[in-house]
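Residue numbers (the working numbering), protein chains in the order written: chain A, 633 to 833; chain B, 633 to 833.
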DNA sequence: CCGCCGGACTTGACACTGTCAACCCGGCGT
DNA sequence: ACGCCGGGTTGACAGTGTCAAGTCCGGCGG
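Next comes the structure, spelled out in structure tokens:
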């Protein structure tokens, strides 16, 4: 019916959501779209191109959510916290995209530059938020020692939210909670603990 | 020559290390072991059983490393830090195992209980270390509020090291460092920053 | 109007995968 | 001596990604 290209993309995502990343099959996607097994090739060339497109779009949506938190009201700490929660929430609400985004063997970032750039855009939001919170007061003039510490701070924040997201999604944390509400309050408590410990506001 | 079972396991790991998780192929493994494509089936039944065995052994080695850090000298904080560094180091030195361990769609934890138990063993080390550091002074008598906070602390520590490990392995951090030494010092700085922020010793 | 050109799609083939089935062989216990 | 069985083999089947043709059709130039 509508644009087959879009249909292929959404069918792929749905398939991954239902059966897991490993079950993504062009032929099954074609079947679901009601076309022959080669039709998708006319729009994408190979499987990797489909995944690359999904990865790019995933990073763009993540970047949007983070930028939304960045634009919000409140202290730098508060906005950084909201960005962190948005990161985790993204992973939980779009698990298929999130898993694809962090499986580098699926899409070669060299050949699909758009995916890499979208990832950089999301990353840069985090860098700005951390820098804002942890005082880059004297603008760009930090010595290399201070710069290295800022780098470490960014890595620390990112590792925290990324670890939380992946453990909730794929790790043992995913079996620890009976209800969604329970899980969410655990996440909130953990993030607040972290922000409080590392905070200076 | 020697035990084919062991040969299959090590060949599988080597193959994953070289070509990625997706490239694990029983037939290629058999080829490398110099046997027919069905020989591995005589020892494992299906592919999942091979992966499950690798996952179990991976968790056991990780648990050993963590327990080694636990037994070491120093304050609780120091030992927790060393356990965290051991976690990251494990991921970097055994990337194939680590990736398998956190891809739950590959092995069903219900049917392969050994994998789950080995994972629990590693997890419990972390729980003990965090509890020891963050004062479970009055033993088992914590109220449910304090218990929830301890849970959140464990999740926080685990998320931190797990996020750091996966970002170094699969995320954008892996392209940020030219030399291993540079990378390691970044890891050390990040972990120390984290421990200092969350520490009470 | 005809012709034809190119994009969207189909059909058919190939090599590869995991897995089922049958067969084969050599050492062991009875 | 015989049968059994663990470890190994070969052969087949369905499913996969991908290459190579062929088919259909709408819009264009002449």
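Note that the Cβ used here is the ideal one computed from N, Cα and C, for glycine as well.
Assuming residue 687(A) and residue 747(A) are in contact, meaning their beta carbons sit under 8 Å apart, how far apart are those beta carbons, in whole angstroms? Within the first chain, the letter at position 55 stands for residue 687(A). Within the first chain, the letter at position 115 stands for residue 747(A). Confirmed, about 5 Å.
Item checked: Host alpha helix (DSSP H) of residue 800(B) (start-end) -> Taking the second chain and counting its residues from 1, one reaches residue 800(B) at position 168. Note, residue 800(B): alpha helix (DSSP H), 776-801.
Q | C-beta contact flag for residue 684(A) and residue 739(A) at 9 Å | A | To locate residue 684(A), count along the first chain from 1; it is residue 52. To locate residue 739(A), count along the first chain from 1; it is residue 107. Result yes, Cβ atoms of residue 684(A) and residue 739(A) sit closer than 9 Å.
Checklist line | Reduced DSSP category for residue 740(B) - H, G, I as helix; E, B as strand; rest coil | finding: The sequence position of residue 740(B) within the second chain is 108, counting from 1. The answer is coil: DSSP assigns residue 740(B) none of H, G, I, E or B.
Taking only beta carbons into account, state which residues of the region 672-702 of chain B come closer than 9 Å to chain A, listed in chain order.
-> none
Please report the distance separating the alpha-carbon of residue 803(A) from that of residue 797(A).
The count along the first chain starts at 1 and reaches residue 803(A) at position 171. The count along the first chain starts at 1 and reaches residue 797(A) at position 165. For residue 803(A) and residue 797(A), the distance between alpha carbons rounds to 9 Å.
Proximity to residue 680(B) [Cα-Cα], best of 761(B), 737(B), 779(B)
On the second chain, position 48 is the one that residue 680(B) refers to. Out of 761(B), 737(B), 779(B), 737(B) has the C-alpha closest to the C-alpha of residue 680(B).
ask   = At which residue ranges does the region 674-752 of chain B contain complete alpha helix (DSSP H) runs of 4 or more residues, listed in the order of the chain?
value = 679-703, 708-725, 727-733
Comparing the C-beta of residue 791(B) with each C-beta of chain A, is any distance below 9 Å? For the purposes of this step, residue 791(B) is taken as the residue at position 159 of the second chain. Interface flag for residue 791(B) against chain A is set, since a Cβ pair is found closer than 9 Å.
- [ ] Along the alpha helix (DSSP H) that carries residue 641(A), what are the first and last residues, could you check?
- [x] Residue 641(A) sits at position 9 when you count from the first residue of the first chain. Run containing residue 641(A): 636-651, per the alpha helix (DSSP H) assignment.
| message | Looking at residue 827(B): is its Cβ nearer than 9 Å to the Cβ of residue 698(B)? | response | Residue mapping note: residue 827(B) aligns to position 195 of the second chain, counting from 1. Residue mapping note: residue 698(B) aligns to position 66 of the second chain, counting from 1. No, Cβ-Cβ distance for residue 827(B) and residue 698(B) is not below 9 Å.
- Could you work out which residues of chain A lie near residue 734(B), taking near to mean beta carbons separated by less than 8 Å? The count along the second chain starts at 1 and reaches residue 734(B) at position 102. Within 8 Å Cβ-Cβ: 798, 802, 803.
Exercise for review: Tell me where the alpha helix (DSSP H) around residue 822(B) begins and ends.
Suggested key: Residue mapping note: residue 822(B) aligns to position 190 of the second chain, counting from 1. Element bounds for residue 822(B): 812-830.
Review point. When you compare only the Cα positions, how much space is there between residue 764(A) and residue 701(A)?
Key: In the first chain, residue 764(A) corresponds to position 132, counting from 1. In the first chain, residue 701(A) corresponds to position 69, counting from 1. Answer to the nearest angstrom: the Cα atoms are 14 Å apart.
Looking at residue 758(B): is its Cβ nearer than 9 Å to the Cβ of residue 790(B)?
What you label residue 758(B) is simply residue 126 of the second chain in a count that begins at 1. What you label residue 790(B) is simply residue 158 of the second chain in a count that begins at 1. Against a cut-off of 9 Å, the Cβ pair of residue 790(B) and residue 758(B) comes out as a contact.
### Message
Which residue wins for smallest C-alpha separation from residue 707(B), given the options 640(B), 767(B), 817(B)?
### Response
Residue 707(B) sits at position 75 when you count from the first residue of the second chain. When each option's Cα is compared against that of residue 707(B), the closest is 767(B).
Am I right that residue 724(A) and residue 636(A) are in contact with their C-beta atoms under 8 Å? What's the rounded C-beta distance? Against the first chain, residue 724(A) aligns to sequence position 92. Against the first chain, residue 636(A) aligns to sequence position 4. Wrong, their Cβ atoms sit about 30 Å apart, outside the cutoff.
**Asked** the region 714-728 of chain A: which residues have C-beta closer than 9 Å to a C-beta of chain B, in chain order?
**Response** none
Simplified DSSP assignment, three categories, for residue 654(A) = Mapped onto the first chain, residue 654(A) falls at position 22. DSSP places residue 654(A) in helix when its eight states are reduced to three.
Next item on the list: Please work out which residues of its chain come closer than 7 Å, Cβ to Cβ, to residue 692(B), disregarding the five sequence neighbours upstream and downstream, and give them in chain order.
Entry: Here residue 692(B) corresponds to residue number 60 of the second chain, with the count starting at 1. Listed in chain order, the non-local C-beta contacts of residue 692(B) below 7 Å within the same chain comprise 750, local neighbours out to five positions each way being set aside.
Problem - Listed by chain order, chain B residues near residue 794(A) by CB distance under 9 Å - result: Within the first chain, numbered from 1, the residue matching residue 794(A) stands at position 162. In chain order: 791, 794, 795, 796, 798, 799, 803.
Any residues in the region 735-769 of chain B with a beta carbon nearer than 9 Å to a beta carbon of chain A? Which ones, in chain order?
735, 736, 737, 738, 741, 748, 751, 752, 755
**Residue environment, residue 756(B), which counts as buried when at least 16 other CB atoms sit within 10 Å** = Numbered from its first residue, the second chain carries residue 756(B) at position 124. Looking at its Cβ environment, which holds fewer than 16 other Cβ atoms inside 10 Å, residue 756(B) is exposed.
Backbone secondary structure at residue 668(B) - three-state DSSP:
Residue numbering aside, residue 668(B) sits at position 36 when the second chain is read from its first letter. Looking at residue 668(B) - three-state DSSP - the assignment turns out to be coil, as it is neither helix nor strand.
Problem set entry | Coil, strand or helix - residue 808(A) by DSSP | Here the question's residue 808(A) lines up with position 176 in the first chain. Under the three-state reduction of DSSP output, residue 808(A) falls in the coil class, being neither helix nor strand.
Is it right to say residue 777(A) is buried, meaning 16 or more other beta carbons lie within 10 angstroms of its own, or is it exposed? Taking the first residue of the first chain as 1, we reach residue 777(A) at position 145. So residue 777(A) counts as exposed.
**Item:** Reference residue 783(B); option with closest CA among 809(A), 781(A), 787(A)
**Value:** Within the second chain, numbered from 1, the residue matching residue 783(B) stands at position 151. Out of 809(A), 781(A), 787(A), 809(A) has the C-alpha closest to the C-alpha of residue 783(B).
query: Excluding sequence positions up to five away, which residues of its chain have a Cβ less than 8 Å from the Cβ of residue 820(B)?
result: One-based indexing of the second chain puts residue 820(B) at position 188. Answer for residue 820(B): 717, listed in chain order.
Quick one: Cα of residue 721(A) to Cα of residue 647(A), how far? Residue 721(A) sits at position 89 when you count from the first residue of the first chain. Residue 647(A) sits at position 15 when you count from the first residue of the first chain. One C-alpha to the other measures close to 21 Å.
key: Residue from 651(B), 752(B), 775(B) whose Cα sits closest to the Cα of residue 689(B)   = Walking along the second chain from the start, residue 689(B) turns up at place 57. Closest option to residue 689(B), Cα to Cα, is 752(B).
Do residue 653(B) and residue 741(B) have their beta-carbon atoms positioned less than 9 Å apart in this structure? To locate residue 741(B), count along the second chain from 1; it is residue 109. To locate residue 653(B), count along the second chain from 1; it is residue 21. Result no, Cβ atoms of residue 741(B) and residue 653(B) do not sit closer than 9 Å.
Quiz item: Looking only at its own chain, which residues have a Cβ that is under 7 Å from the Cβ of residue 793(B), when we skip the five neighbours before and after it?
Solution: As a working note, residue 793(B) is residue 161 in the second chain. Once the five neighbours on either side are set aside, the close Cβ partners of residue 793(B) are 716, 719, 720.
| query | What whole-angstrom Cβ distance do residue 709(A) and residue 831(A) have, given they're in contact under 8 Å? | reply | The residue you call residue 709(A) lines up with position 77 of the first chain. The residue you call residue 831(A) lines up with position 199 of the first chain. Sure, about 5 Å apart at Cβ, within 8 Å.
> Taking Cβ positions only, does residue 647(A) come closer than 9 Å to chain B?
Replying inline: Residue mapping note: residue 647(A) aligns to position 15 of the first chain, counting from 1. Interface with chain B (9 Å Cβ-Cβ cutoff): residue 647(A) is excluded.
Compare the beta carbon distance of residue 644(A) and residue 682(A) with 9 Å and say whether it is the shorter of the two.
If you number the first chain from 1, residue 644(A) lands on position 12. If you number the first chain from 1, residue 682(A) lands on position 50. Yes, they are a contact pair.
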